[in-house]
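Take a look at the structure set out below.
Number of protein chains: 2
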Amino acid sequence: MLADLALVGFGHVGRRFARLLDERREALARDFDLTCRVTGIATRRHGAIYNAGGVDAVGAAGLLEAGGTLAEAGAPAGVTGSHDVIVRLAESPAALRVLVETTTLDIGAAEPARSHVRIALTARCHVVTANKGPVAFAYRELSALAEGSGVRFLFEGAVMDGVPVFNLVRETMPTVRIEGFRGVVNSTTNHILTALENGEAFAPALAHMQAEGIAEADASLDVDGWDAAAKAAALANVLLDGGVTPRDVDRTGIGPDTASWAREAMTRACRVRLVASARRGSRPIVRPEELPQDDLLAGLRGMANALILDTDTLGRVVICQLDGGLTHTAYALLSDLIAIRKGCAVAAGV
Amino acid sequence: MLADLALVGFGHVGRRFARLLDERREALARDFDLTCRVTGIATRRHGAIYNAGGVDAVGAAGLLEAGGTLAEAGAPAGVTGSHDVIVRLAESPAALRVLVETTTLDIGAAEPARSHVRIALTARCHVVTANKGPVAFAYRELSALAEGSGVRFLFEGAVMDGVPVFNLVRETMPTVRIEGFRGVVNSTTNHILTALENGEAFAPALAHMQAEGIAEADASLDVDGWDAAAKAAALANVLLDGGVTPRDVDRTGIGPDTASWAREAMTRACRVRLVASARRGSRPIVRPEELPQDDLLAGLRGMANALILDTDTLGRVVICQLDGGLTHTAYALLSDLIAIRKGCAVAAGV
């Protein structure tokens with residue numbers, strides 16, 4: 392089965408996805424009868440290309456990284472931005488048409504990602520995204536739109552990179568009801584808290600994260616808890632039918648003051664962690680909490696993330712990511728793409 | 392779609408499964424278009440029944456628990472044991488025919504479970520089992536048999552009860568290669584080790600587990616590491632293409648001597664845990680290990696289990712079960728049943 396893909400957003404994640412797709416080409420064909428062809432790429436600052444016969448996404452990634460623009464990638468002109476690229480994708484005759492959305496999070500209104508997703512779903516294109524915005528701000532609207540169009544809206548990469556969270560619940564825990572969750576879902580703040588415990592001060596610990604490219608240039612997304620709040624909203628919307636946005640999350644971040652608390656907690660054999668939590672029917676919460684050391688979340692160091700799901704059938708089930716990174720997020724997009732392929736087979740078979 | 396089920400083994404797990412099936416009847420019909428009918432039940436000591444029109448499995452569970460026998464369940468006679476029940480299942484005209492195998496583990500040769508599974512797969516019946524034996528002793532043979540017959544052989548309940556391990560890898564981590572694993576997979580020994588850390592002696596800690604029905608009457612399965620070895624073999628066979636049996640596992644259990652080690656370890660801020668591990672191409676190992684407290688496995692208390700999967704794409708991914716129990720194991724069978732239903736749709740659709 393042929394899938395035409397439009398990559399909207401072509402930063403670190405989008406480019407890593409293009410390469411991963413190439414690396415796994417053989418496995419996709421062999422194990423899932425899936426052949427993927429990238430037909431369009433749209434970036435914010437480096438132009439857009441579309442070619443119904445396919446573009447060289449790996450070559451384009453190299454060009455951009457060498458300081459070039461998409462115009463040099465040799466594809467015909469005629470598209471000027473993300474909107475054009477999605478419209479052209481919708482005209483593809485391929486069995487599967489998929490928007491791969493990897494623009495960065497806008498915590499104000501999830502734009503332009505939300506519009507990209509809406510346009511694609513309306514045009515009966517499937518959507519996979521690593522952007523938390525659309526699912527955190529507009530899950531009900533977009534999932535209803537996807538259902539009405541007979542396509543999928545998937546976002547495994549929105550929480551804990553490629554480690555399955557949404558796919559875990561949907562694919563492996565059928566008929567199980569999730570009652571709530573607690574988790575450490577932001578790597579930057581966890582890394583900073585670990586550094587504070589080791590005696591570093593807040594500002595250098597944050598600067599270190601930014602220098603390593605782990606923290607956002609705009610640190611407030613991480614340290615003020617907005618990233619965790621977007622993830623908490625996404626989890627609450629999908630797992631608990633929350634109908635919330637990140638602005639509905641009761642949110643407290645971390646700051647220079649947290650350093651003394653983090654070190655004092657250790658003298659009580661406790662750890663301070665930025666915890667995101669929610670119960671069915673309640674407002675999600677993001678705040679630093681002092682946890683006893685036998686709390687699984689207290690044991691998370693550095694980049695590690697974990698989510699404890701409280702279920703009606705299996706008690707508490709925990710999924711953890713001990714390592715994180717670009718490849719993981721790119722893999723989340725790939726696993727969603729495979730879920731779409733498998734879902735097509737089911738839809739045809741039932 | 393109608394599924395006829397034969398329950399072979401009708402102890403605590405089998406009876407809890409019969410009730411869970413009844414409790415989830417509506418969700419199975421609504422979400423998966425799946426109607427399950429129990430047509431046969433076979434026990435070791437309380438007889439066997441079969442009725443092509445269906446038997447009252449919940450009623451039969453109540454009868455047995457009240458000290459009765461299956462003969463009183465009112466189904467026509469004509470079957471004398473598990474073999475007859477599977478043969479009758481194979482004659483069913485239902486779209487899905489499924490053996491639900493829940494006999495207890497035989498660590499010598501996995502019998503009679505292995506024969507039950509073999510007969511059913513040969514007769515083109517699907518198999519779901521919570522018994523570790525068949526997958527630990529004969530995964531290659533039985534999975535090849537299933538493939539040749541065009542049916543499924545599933546065993547989610549063999550490791551970590553209903554918390555997804557095999558389904559996690561198969562359904563949510565497509566194209567990912569597992570390179571190895573480390574885990575705490577036996578609840579009884581973890582409970583005993585926790586009790587030793589709290590100052591209890593070995594014998595009373597074990598007796599306590601047996602009184603609560605957590606440890607096997609034959610304690611050697613747990614404390615000598617045989618249960619963990621069977622799980623390690625099952626994991627190695629499925630995730631690492633191991634081709635091993637529990638006898639190939641390099642196995643060390645725990646005993647009265649472990650008490651002083653467990654307490655000394657705590658003075659070094661460490662914990663002793665019974666760890667099951669394997670790498671691709673190597674012999675699995677089960678042995679008590681002294682772990683630093685920042686090892687996630689060191690933090691597991693009481694009944695908690697965890698498995699760390701070492702992957703080529705996602706680094707280390709961890710799945711934990713903080714609570715365990717009968718309902719969890721029964722749910723594993725149900726989730727396998729749903730996987731069979733979903734797989735049928737895929738097979739028809741591709």
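If you read the protein sequences in the order shown, they are chains A and B.
Counting along the first sequence from 1, when you hit position 344 you're at 735 in our numbering, and nothing is skipped either side.
Counting along the second sequence from 1, when you hit position 244 you're at 635 in our numbering, and nothing is skipped either side.
We put the beta carbon where it would ideally sit given N, CA and C, even for glycine.
Practice task
Would you kindly report the start and end of the unbroken beta strand (DSSP E) that includes B:Leu665?
Solution key: By one-based count along the second sequence, residue 665 of chain B stands at place 274. If you look at B:Leu665, you'll find it in the beta strand (DSSP E) that goes Cys661 to Arg670.
Practice task
Could you tell me if A:Ala660 is buried or exposed, where buried requires 16 or more neighbouring beta carbons within 10 angstroms of its beta carbon?
Solution key: By 1-based counting over the first sequence, the position of residue 660 of chain A is 269. That one is exposed.
Handout entry: Alpha carbon of B:Arg406 to alpha carbon of B:Ala462, nearest angstrom
Key = To locate residue 406 of chain B, count along the second sequence from 1; it is residue 15. To locate residue 462 of chain B, count along the second sequence from 1; it is residue 71. Each residue's Cα considered, the two are about 16 Å apart.
Handout entry: Alpha-carbon to alpha-carbon, B:Glu456 and B:Tyr439
Key = Within the second sequence, numbered from 1, the residue matching residue 439 of chain B stands at position 48. Within the second sequence, numbered from 1, the residue matching residue 456 of chain B stands at position 65. Before going on, a small fix: residue 439 of chain B reads as Ala here, not Tyr. CA-to-CA, the gap between B:Ala439 and B:Glu456 works out to about 15 Å.
Exercise for the section: With DSSP collapsed to three states, give me the class of A:Asn442. Expected result: In the first sequence, the residue the question calls residue 442 of chain A occupies position 51. Correct three-state label for A:Asn442: coil.
Problem - Close beta carbons around B:Gly472, own chain, < 7 Å, minus the five adjacent residues each side - result: Position 81 of the second sequence holds residue 472 of chain B. If we look at B:Gly472 and ignore the five residues flanking it on each side, its Cβ neighbours are Ala433 and Ala439.
Exercise for the section: Starting from the C-beta of B:Arg732, find all residues in its chain whose C-beta is less than 6 Å away, skip the five residues before and the five after it, and write them out in chain order. Expected result: As a first step, residue 732 of chain B is located in the second sequence; it is residue number 341 there, counting from the start. Here the set comprises Phe423 and Leu425.
Practice task
Have a look at A:Ala514, A:Arg421 and A:Val708 and flag the residue whose alpha-carbon is nearest the alpha-carbon of A:His474.
Solution key: For the purposes of this step, residue 474 of chain A is taken as the residue at position 83 of the first sequence. For the residues A:Ala514, A:Arg421 and A:Val708, the minimum Cα distance to A:His474 belongs to A:Ala514.
Practice task
Could you please give me the residues that DSSP links to B:Ile569 through a beta bridge?
Solution key: On the second sequence, position 178 is the one that residue 569 of chain B refers to. Bridge partners of B:Ile569 according to DSSP: B:Thr702.
Exercise for the section: With DSSP as the reference, please indicate the residues paired to B:Asp641 in a beta bridge. Expected result: Locating residue 641 of chain B in the second sequence gives position 250, where the first residue counts as 1. Answer is B:Ile676, bridged to B:Asp641.
Problem - Same chain only: Cβ atoms within 6 Å of B:Ala500, ignoring 5 sequence neighbours per side - result: Within the second sequence, the letter at position 109 stands for residue 500 of chain B. Correct list: empty, nothing qualifies.
Exercise for the section: Quick one: give me the first and last residue of the beta strand (DSSP E) that B:Gly431 is part of. Expected result: On the second sequence, residue 431 of chain B is found 40 positions in, with the first residue counted as 1. Thr426 to Ala433 is the extent of the beta strand (DSSP E) around B:Gly431.
Exercise for the section: Show which residues of chain A have a CB atom less than 9 Å away from the CB atom of B:Pro675. Expected result: Mapped onto the second sequence, residue 675 of chain B falls at position 284. For B:Pro675, no chain A residue has a Cβ inside 9 Å of its Cβ, as the nearest lies near 21 Å away.
Handout entry: N- and C-terminal bounds of the beta strand (DSSP E) containing B:Glu456
Key = Position 65 of the second sequence, counted from the start, is the residue given in the question as residue 456 of chain B. Here B:Glu456 belongs to no beta strand (DSSP E); instead the alpha helix (DSSP H) covers Ala448 to Glu456.
Problem - Inter-residue Cα distance where the pair is B:Leu480 and B:Gly431 - result: Counting from one through the second sequence, the residue named residue 480 of chain B turns up at place 89. Counting from one through the second sequence, the residue named residue 431 of chain B turns up at place 40. Cα to Cα, the separation comes out at about 7 Å.
Exercise for the section: Using DSSP bridges, identify the partner residues of B:Gln712. Expected result: Sequence index remark: in the second sequence, residue 712 of chain B carries index 321 (1-based). Paired residue(s): A:Val708 and B:Asn696.
Problem - Pair within 8 Å by beta-carbon distance, B:Ala669 and B:Ala623 - result: On the second sequence, residue 669 of chain B is found 278 positions in, with the first residue counted as 1. On the second sequence, residue 623 of chain B is found 232 positions in, with the first residue counted as 1. By the CB criterion at 8 Å, B:Ala669 and B:Ala623 fall inside the cutoff.
Problem - Contact check, A:Ser483 vs A:Asp395, beta carbons under 8 Å - result: Translated into positions along the first sequence, residue 483 of chain A becomes position 92. Translated into positions along the first sequence, residue 395 of chain A becomes position 4. With contacts defined by Cβ atoms closer than 8 Å, A:Ser483 and A:Asp395 form a contacting pair.
Practice task
Using DSSP bridges, identify the partner residues of B:His517.
Solution key: The count along the second sequence starts at 1 and reaches residue 517 of chain B at position 126. DSSP lists B:Val489 as partners of B:His517.
Practice task
Please say whether B:Ala397 and B:Val476 have beta carbons closer to each other than 8 Å?
Solution key: Within the second sequence, numbered from 1, the residue matching residue 476 of chain B stands at position 85. Within the second sequence, numbered from 1, the residue matching residue 397 of chain B stands at position 6. In contact: B:Val476 and B:Ala397 (Cβ atoms closer than 8 Å).
Exercise for the section: Establish whether the CB of A:Arg692 and some CB of chain D are separated by less than 8 Å. Expected result: Checking the listed chains, one finds no chain D in this structure; the protein chains it contains are A and B.
Problem - is_contact[B:Leu559, chain A] using C-beta, thresh 8 Å - result: On the second sequence, position 168 is the one that residue 559 of chain B refers to. Closer than 8 Å: yes.
Exercise for the section: Return the residue from the list B:Leu717, B:Thr704, B:Thr520 and B:Leu682 that minimises the CA-CA distance to B:Arg573. Expected result: As a working note, residue 573 of chain B is residue 182 in the second sequence. Comparing Cα positions, the closest option is B:Leu682.
Exercise for the section: Express the C-alpha separation of B:Tyr722 and A:Asn696 in angstroms, rounding to a whole number. Expected result: In the first sequence, counting from the first residue as 1, residue 696 of chain A sits at position 305. In the second sequence, counting from the first residue as 1, residue 722 of chain B sits at position 331. Straight-line Cα distance between these residues: approximately 27 Å.
Problem - C-beta atoms of B:Ala619 and B:Leu665 nearer than 8 Å - result: Residue 619 of chain B sits at position 228 when you count from the first residue of the second sequence. Residue 665 of chain B sits at position 274 when you count from the first residue of the second sequence. Yes. Within cutoff.
Exercise for the section: Would you kindly work out how many angstroms separate the C-alpha atoms of A:Gly740 and A:Val567, rounded to a whole number? Expected result: Locating residue 740 of chain A in the first sequence gives position 349, counting from the first residue. Locating residue 567 of chain A in the first sequence gives position 176, counting from the first residue. Because the pLDDT of A:Gly740 is 45, which lies under 50, any placement of that residue in the model is unreliable, and the question is left without a value.
Problem - Near-chain A residues of the stretch 432-459 of chain B (beta-carbon distance less than 8 Å), N- to C-terminal order - result: So nothing in the stretch comes that close.
Exercise for the section: Look up A:Leu393 in the DSSP assignment and give the residues it is bridged to. Expected result: Residue 393 of chain A sits at position 2 when you count from the first residue of the first sequence. Partner(s): A:Thr426.
Exercise for the section: Could you tell me the distance, in whole angstroms, from the CA atom of B:Ala485 to the CA atom of B:Gly445? Expected result: Counted from its first residue, the second sequence places residue 485 of chain B at position 94. Counted from its first residue, the second sequence places residue 445 of chain B at position 54. B:Ala485 and B:Gly445: Cα-Cα distance of roughly 12 Å.
Practice task
Name, going along the chain, the residues of the stretch 702-727 of chain A whose beta-carbon falls closer than 8 Å to a beta-carbon of chain B.
Solution key: Going along the stretch 702-727 of chain A in chain order, one finds Thr704, Leu705, Gly706, Arg707, Val708, Val709, Ile710, Cys711, Gln712, Leu713, Asp714, Gly715, Gly716, Thr718, His719, Tyr722, Leu725 and Ser726 with a Cβ nearer than 8 Å to chain B.
Exercise for the section: Would you please verify whether the beta carbon of A:Ile605 is less than 8 Å from any beta carbon of chain B? Expected result: Position 214 of the first sequence, counted from the first residue, corresponds to residue 605 of chain A. By this cut-off, A:Ile605 is not an interface position.
Handout entry: Terminal residues of the alpha helix (DSSP H) in which B:Gly539 lies
Key = The residue you call residue 539 of chain B lines up with position 148 of the second sequence. It spans Lys523 to Ser540 - the alpha helix (DSSP H) in which B:Gly539 sits, taken as one unbroken run.
Handout entry: B:Ala511 beta carbon less than 8 Å from that of B:Leu487
Key = For the purposes of this step, residue 487 of chain B is taken as the residue at position 96 of the second sequence. For the purposes of this step, residue 511 of chain B is taken as the residue at position 120 of the second sequence. Contact: no.
Exercise for the section: For the stretch 583-596 of chain B and the stretch 631-643 of chain B, state whether three or more C-beta atom pairs, one from each stretch, are separated by less than 8 Å. Expected result: The stretch 583-596 of chain B, when compared against the stretch 631-643 of chain B, does not touch it at the 8 Å Cβ threshold.
Problem - Residues bridged to A:Val575 (per DSSP) - result: The count along the first sequence starts at 1 and reaches residue 575 of chain A at position 184. Answer by DSSP bridge pairing, in chain order: A:Ala697.
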